[in-house]
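*Asks:* Take a look at the following structure, please.
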Amino acid sequence: PAAQGRARGQAGRAPEEVSASREQPGGGPGSAGRPPAPRAAPRTVAEMRVMAREFLERQGIEGAQRDADLLLAHAFGIDRLRLLMRLEGPVEEGERDRARELLVRRGKREPVAYLTGAREFYGRGFAVGRGCLVPRPETELLVDLSRDAARQRTLGRIAAVGTGRGGRAVTLSLEVPGAAVGAAGLA
Numbered sequence: 581p582a583a584q585g586r587a588r589g590q591a592g593r594a595p596e597e598v599s600a601s602r603e604q605p606g607g608g609p610g611s612a613g614r615p616p617a618p619r620a621a622p623r624t625v626a627e628m629r630v631m632a633r634e635f636l637e638r639q640g641i642e643g644a645q646r647d648a649d650l651l652l653a654h655a656f657g658i659d660r661l662r663l664l665m666r667l668e669g670p671v672e673e674g675e676r677d678r679a680r681e682l683l684v685r686r687g688k689r690e691p692v693a694y695l696t697g698a699r700e701f702y703g704r705g706f707a708v709g710r711g712c713l714v715p716r717p718e719t720e721l722l723v724d725l726s727r728d729a730a731r732q733r734t735l736g737r738i739a740a741v742g743t744g745r746g747g748r749a750v751t752l753s754l755e756v757p758g759a760a761v762g763a764a765g766l767a
């Protein structure tokens with residue numbers, strides 16, 4: 581029961597704050613009035629990646645590995661591919677601090693797009709922020725259907741209504757060459 585209570589108490593902590601919850605031989609971590617030893621700070625990107633994923637999983641974040649990778653890459657100032665190529669590389673203290681802040685915010689359900697300031701839509705990056713609807717994967721299907729309909733009917737004009745930041749309109753204008761795309765939305 582005591583170990584379960586400690587495990588529940590760890591759920592809200594960021595990766596490097598999580599304490600070892602296994603009791604040690606000889607009476608356990610609290611037997612001499614000492615708190616359990618803190619988990620060592622990650623030394624490599626691979627260690628940080630594991631800790632970040634585990635933290636987000638404890639927070640109940642779906643797609644924890646993807647979110648951890650995107651947030652770590654953003655904190656390190658690199659893209660996800662470079663993050664994966666740097667797995668054995670060291671983690672600097674500033675990178676760890678930036679990543680920790682982002683992970684804690686994500687653990688509180690703040691969208692990754694708001695944390696990074698960007699969201700990929702139809703293979704293109706778009707700036708997003710608070711007050712902006714984050715493009716959803718289902719919206720890409722809407723673009724597919726619109727693009728196909730425009731090509732079949734050789735439409736010269738397309739209207740995108742309720743565009744928000746304009747991701748659909750920009751994408752349609754690039755996917756349907758020669759079409760005039762108009763966009764309208766409420767701010």
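Our numbering numbers the first residue of the sequence shown as 581 and each following residue consecutively. Virtual Cβ for every residue (Gly too), placed ideally from N, Cα, C.
1. Once DSSP output is grouped into helix, strand and coil, what is the label at G620?
2. Give every residue of the same chain whose Cβ lies closer than 6 Å to the Cβ of R699, excluding the five residues on either side of it in the sequence, and list them in chain order.
3. On a Cα-Cα basis, can you pick out the residue from A764, G736, R633 and I641 that is closest to R748?
4. Does the distance from the CB of E727 to the CB of E755 come in under 8 Å?
5. Quick one: what's got a C-beta closer than 7 Å to R678's C-beta in the same chain, skipping five residues either side?
6. Hey, how far is the Cα of V750 from the Cα of A621?
7. Assign G744 to buried or exposed, taking buried as 16 or more other Cβ atoms, counted over all protein chains shown, within 10 Å of its Cβ.
8. Nearest by alpha-carbon distance to R685: which of Q732, M628 and A648 is it?
9. In three-state terms, what does DSSP make of A759?
10. Can you tell which of G657, M665 and L663 has the C-alpha that lies nearest to the C-alpha of G674?
*Replies:* Well, looking at it:
1. Note that residue 620 is Ala in the sequence shown, not Gly. Three-state DSSP puts A620 in coil, outside helix and strand.
2. A693, F706, V708, V714 and P715
3. A764
4. Here residue 727 is Arg; the residue named in the question, Glu, does not match the sequence. Their beta carbons are under 8 Å apart, which means R727 touches E755 by this criterion.
5. A655
6. Those two C-alpha atoms are separated by around 43 Å.
7. buried
8. A648
9. Residue state, collapsed to three classes: coil.
10. Minimum Cα distance to G674 is reached at G657.
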